[in-house]
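In what follows, a single structure is set out as structure tokens and then discussed.
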Amino acid sequence: MLKEEIDSLAAGREFSRRDFVQTTVGSGFAAALLPVAAQTVTTDGAGLEAGSVSIAVGDLQMPAYCAQPAGKTKLPVVVVASEIFGVHEHIADVCRRLARQGYLAIAPELFVRQGNAGAYTDIPRLIAEVVGKASDTQVNGDLDATVAWAAAHGGDVTKLGITGFCWGGRTTWSYVAHNPAVKAGVAWYGPVARPYFAGDKTVIDLAASIQAPVLGLYGAADTGIPVETLTQLEAALKAAGNTRCEIVVYPDTPHAFHADYRPSYRKEAAEDGWARCLAWFRKNGVA
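Numbering of the sequence shown is given in our numbering, commencing with residue 193 and proceeding in unit increments.
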């Protein structure tokens, strides 16, 4: 059970299933997230090619949400790894924000084999039945397929980045360790001292394999990610010879501070983190 997710959501909150509209990947919000907060950001899709796509992974057709500037090719690519709730409207909006910066941004539904993460209202069940069954081996393979799809659909994967939130933040660290072609990553409040899938290594354990620059964005008041674990990761990265990673910790800031549709949103930290994210990609060859 992931304490930071449970603490940041109102347990047992009532909602109307009429509010849960998720007909395609990237539309609507997950049931566990309703009602969404009034400050939810919505990015206009004008001038973009944006919507659901299908990625072949062996015999599986994996859904994903993709956004990119209309009519453009040879675009730098940013893969977006979702929270535990899958690819809902907020993750799609992040893709549109990146597309407005000139990227082909794509968010694959990495829980598709395990079930519909967006339909769960009980967070412990979601973690046990879906999130905790998605191993790094499975996820990294699906991300490899996502990168291949992007290369065939207008993306320049010599300029490849990845970003993600919570579960996706940890996935960002893991995928950078897995794929040496990634130029840079930006991990938003992803746990570093424990895996989600029982057989996986921690991010700290993976430090020696993380050679690309990763920017970690964390909150000091995140009850599920103690600051001392970030210090341990920094030490492990340094011991492995990686001096290009950076971890930023925002004081008095909770988990999910970028999630503008949730009460955990902190506007100042979110906007600063987003500016740092874009600058990090530009600085490290993802532009």
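Note that the Cβ used here is the ideal one computed from N, Cα and C, for glycine as well.
None of these values were measured; they are calculated from a predicted model.
Neighbour-count burial assignment, residue i, 16 or more Cβ in a 10 Å radius
| i | result |
| --- | --- |
| glycine 353 | buried |
| aspartate 391 | Note that residue 391 is glycine in the sequence shown here, rather than aspartate. Exposed, since its Cβ has fewer than 16 Cβ neighbours within 10 Å. |
| glycine 463 | The sequence given here places glutamate at residue 463; glycine does not occur at that position. Glutamate 463 is exposed by the Cβ-count criterion. |
| proline 443 | exposed |
| lysine 266 | exposed |
| glycine 465 | buried |
| glycine 239 | exposed |
| glutamine 260 | buried |
| aspartate 314 | exposed |
| alanine 223 | buried |
| alanine 342 | buried |
| lysine 459 | exposed |
| threonine 445 | buried |
| aspartate 334 | buried |
Rounded separation between residue i and residue j - CA only
| i | j | result |
| --- | --- | --- |
| valine 213 | alanine 311 | Here valine 213 scores only 32 on pLDDT, less than 50, and its place in the model should not be relied on; the value that follows carries that caveat. Each residue's Cα considered, the two are about 10 angstroms apart. |
| threonine 215 | lysine 430 | With a pLDDT of only 42 at threonine 215, under 50, the local geometry of the prediction cannot be trusted, and the value read off the model is given with reservation. Rounded to whole angstroms, threonine 215 to lysine 430 spans 45 angstroms at the Cα level. |
| valine 286 | valine 419 | 26 angstroms |
| leucine 302 | glycine 433 | 31 angstroms |
| isoleucine 396 | valine 384 | 6 angstroms |
| alanine 369 | glutamine 403 | 7 angstroms |
| valine 378 | valine 249 | 25 angstroms |
| alanine 373 | glutamate 241 | 26 angstroms |
| glutamate 426 | valine 339 | 28 angstroms |
| alanine 461 | alanine 256 | 28 angstroms |
| glycine 356 | cysteine 469 | 11 angstroms |
| alanine 467 | serine 246 | 30 angstroms |
| cysteine 258 | histidine 345 | 10 angstroms |
| proline 405 | arginine 362 | 15 angstroms |
| glycine 263 | arginine 288 | 15 angstroms |
| glycine 218 | serine 274 | 10 angstroms |
| alanine 297 | threonine 415 | 30 angstroms |
| tryptophan 472 | glutamine 231 | 26 angstroms |
Continuous alpha helix (DSSP H) stretch holding residue i: start and end
| i | result |
| --- | --- |
| valine 286 | 281 to 291 |
| glutamate 420 | 419 to 431 |
| alanine 376 | Element bounds for alanine 376: not the alpha helix (DSSP H) but the beta strand (DSSP E), 376 to 380. |
| proline 316 | 315 to 321 |
| glutamine 330 | 328 to 344 |
Option in the options with minimal Cα separation from residue i
| i | options | result |
| --- | --- | --- |
| histidine 270 | Tyr295, Arg289, Glu281 and Thr421 | Looking at the sequence itself, residue 270 is valine, so the reference to histidine does not match. When only C-alpha atoms are compared, the closest one is Tyr295. |
| glycine 382 | His447, Lys266 and Gln231 | His447 |
| alanine 428 | Arg386, Leu398 and Gly237 | Leu398 |
| glycine 307 | Ala291, Ala299, Arg292 and Ile276 | Ile276 |
| glutamate 281 | Ile247, Ala248, Ala229 and Ala471 | Ala229 |
| glycine 237 | His345, Ala273 and Leu290 | Leu290 |
| threonine 394 | Gly411, Val406, Ala413 and Gln424 | Gln424 |
| valine 323 | Ala467, Ala309 and Leu335 | Ala309 |
| serine 401 | Gln293, Trp365 and Pro300 | Trp365 |
| tyrosine 410 | Ile439, Leu252, Ser274 and Tyr388 | Ile439 |
| isoleucine 417 | Arg436, Pro387 and Cys437 | Pro387 |
N-terminal and C-terminal residue of the beta strand (DSSP E) that residue i is part of
| i | result |
| --- | --- |
| glutamate 438 | 438 to 442 |
| cysteine 469 | Unbroken run through cysteine 469 is the alpha helix (DSSP H), 459 to 475; no beta strand (DSSP E). |
| glutamate 241 | 240 to 249 |
| leucine 352 | 347 to 357 |
Original post:
Any contact of the region 342 to 356 with the region 315 to 325, i.e. 3+ C-beta pairs under 8 angstroms?
Top reply: Segment contact: the region 342 to 356 against the region 315 to 325, fewer than three CB-CB distances shorter than 8 angstroms; contact not assigned.
**OP:** Please confirm if the region 323 to 341 is in contact with the region 452 to 467, defined as three or more CB-CB distances below 8 angstroms between the two stretches.
**Re:** Counting C-beta pairs closer than 8 angstroms gives fewer than three between the region 323 to 341 and the region 452 to 467, which falls short of the contact rule.
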